[in-house]
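Numbering (the working numbering), first residue to last: 105 to 406.
Don't be surprised by glycine CBs; every beta carbon is placed ideally from N, CA and C.
Notes for the one structure printed next.
The following block contains the structure:
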């Protein structure tokens with residue numbers, strides 16, 4: 105059995121283990137690297153070739169997406185990730201970043217419980233970054249942060265390791281400011297991303313490496329090491345020490361909610377019916393045997 109087939113078999117066994125499921129998405133300003141990140145995560149799970157990740161654009165299946173180099177339609181993929189001796193099913197939706205396709209982002213947020221917010225380390229927080237943060241929080245989708253294209257800070261802006269950390273702090277500060285702004289006070293105090301706790305990671309989706317502060321403490325990798333690998337063009341070595349899919353998916357499992365946890369916060373906001381009714385209780389508890397309900401998140405004209 106090949107790795108892809110094995111992944112599918114594992115996913116089927118995890119479908120009813122709700123604590124081991126994460127329904128997540130990626131969201132960002134256009135060209136900040138969502139689809140490349142998705143490709144690299146899928147490659148890490150053995151679903152596509154690692155060599156083609158970032159070039160194949162597995163999640164951009166439409167001809168116009170391939171031609172324009174942007175995501176137009178939300179696309180979904182599932183993968184299994186090993187974490188602390190257990191296996192977890194990750195259902196991932198890659199959303200568009202261009203402002204013209206914001207409706208797809210909103211609809212995708214209705215189908216997920218957590219989101220990886222990507223930000224280009226060079227460009228920083230852009231208008232559409234703020235928009236997708238607001239869209240996620242409006243649907244009570246909990247965020248983590250991935251700061252992408254870190255190699256550009258070294259090779260294009262020529263900044264020092266200390267300046268790199270300062271730039272990260274600025275990006276994290278803006279993201280947390282928006283989280284507090286767009287959420288009620290109770291969630292606004294709980295949901296900001298925390299670099300020390302590990303709900304922030306940084307790296308290069310294209311070069312398939314990522315780091316978080318907890319991972320750096322565990323492995324001994326420093327910002328000076330990152331700087332050196334970027335400067336010397338040895339990021340393949342860094343990717344072996346700090347594989348992107350491990351660091352990012354570990355962050356997802358540790359900091360984003362499973363369906364049972366998420367619905368307690370989400371259902372009262374996205375569903376306006378009686379929470380004490382049979383269907384209301386079933387949705388709040390993710391009861392597989394409860395009444396059937398539907399939420400339309402994608403419409404395709406044939």
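Proximity test, Cβ basis, 7 Å: residue i and chain D
i: residue 304; result: Looking for chain D here will not work: only one protein chain is present.
Coarse secondary structure for residue i, derived from DSSP in three states
i: residue 189; result: coil
i: residue 213; result: helix
i: residue 129; result: strand
i: residue 247; result: strand
i: residue 202; result: Low per-residue confidence applies at residue 202: pLDDT is 44, beneath 50, and the placement is therefore not dependable, though the value from the model is reported in the following sentence. In this structure, residue 202 counts as coil in the three-state DSSP scheme.
i: residue 379; result: coil
i: residue 374; result: helix
i: residue 399; result: coil
i: residue 118; result: helix
i: residue 406; result: coil
i: residue 111; result: helix
i: residue 387; result: helix
i: residue 394; result: coil
Residue i and residue j closer than 7 Å at C-beta
i: residue 359; j: residue 248; result: yes
i: residue 196; j: residue 283; result: no
i: residue 293; j: residue 184; result: no
i: residue 225; j: residue 254; result: yes
i: residue 390; j: residue 372; result: no
i: residue 144; j: residue 198; result: no
i: residue 351; j: residue 305; result: yes
i: residue 239; j: residue 210; result: yes
i: residue 396; j: residue 334; result: no
i: residue 148; j: residue 349; result: yes
i: residue 388; j: residue 367; result: yes
i: residue 118; j: residue 126; result: no
i: residue 295; j: residue 346; result: no
i: residue 192; j: residue 404; result: no
i: residue 328; j: residue 265; result: yes
i: residue 384; j: residue 394; result: no
i: residue 309; j: residue 140; result: yes
Contact belief for residue i with residue j at Cβ below 8 Å, rounded distance in angstroms
i: residue 287; j: residue 241; result: 5 Å
i: residue 315; j: residue 330; result: 7 Å
i: residue 229; j: residue 275; result: 6 Å
i: residue 279; j: residue 237; result: 7 Å
i: residue 374; j: residue 214; result: 6 Å
i: residue 194; j: residue 353; result: 6 Å
i: residue 131; j: residue 138; result: 7 Å
Residue i: first and last residue of the uninterrupted beta strand (DSSP E) it sits in
i: residue 258; result: No beta strand (DSSP E) holds residue 258; the alpha helix (DSSP H) holding it covers 254-259.
i: residue 449; result: The requested residue 449 is not part of the displayed model; the chain covers only 105 to 406.
Start and end residues, alpha helix (DSSP H) containing residue i
i: residue 148; result: 138-148
i: residue 231; result: 231-242
i: residue 336; result: 327-336
Near the ligand SAH: residue i beta-carbon under 6 Å from a heavy atom
i: residue 306; result: Of the ligands one can find in the structure shown there are none, so the ligand SAH has no counterpart to examine.
Which runs of the beta strand (DSSP E) fall wholly inside the stretch 272-323 and span at least 3 residues, in chain order?
304-308 and 313-315
3-residue-minimum beta strand (DSSP E) runs that sit fully inside the stretch 338-363, ordered along the chain
none
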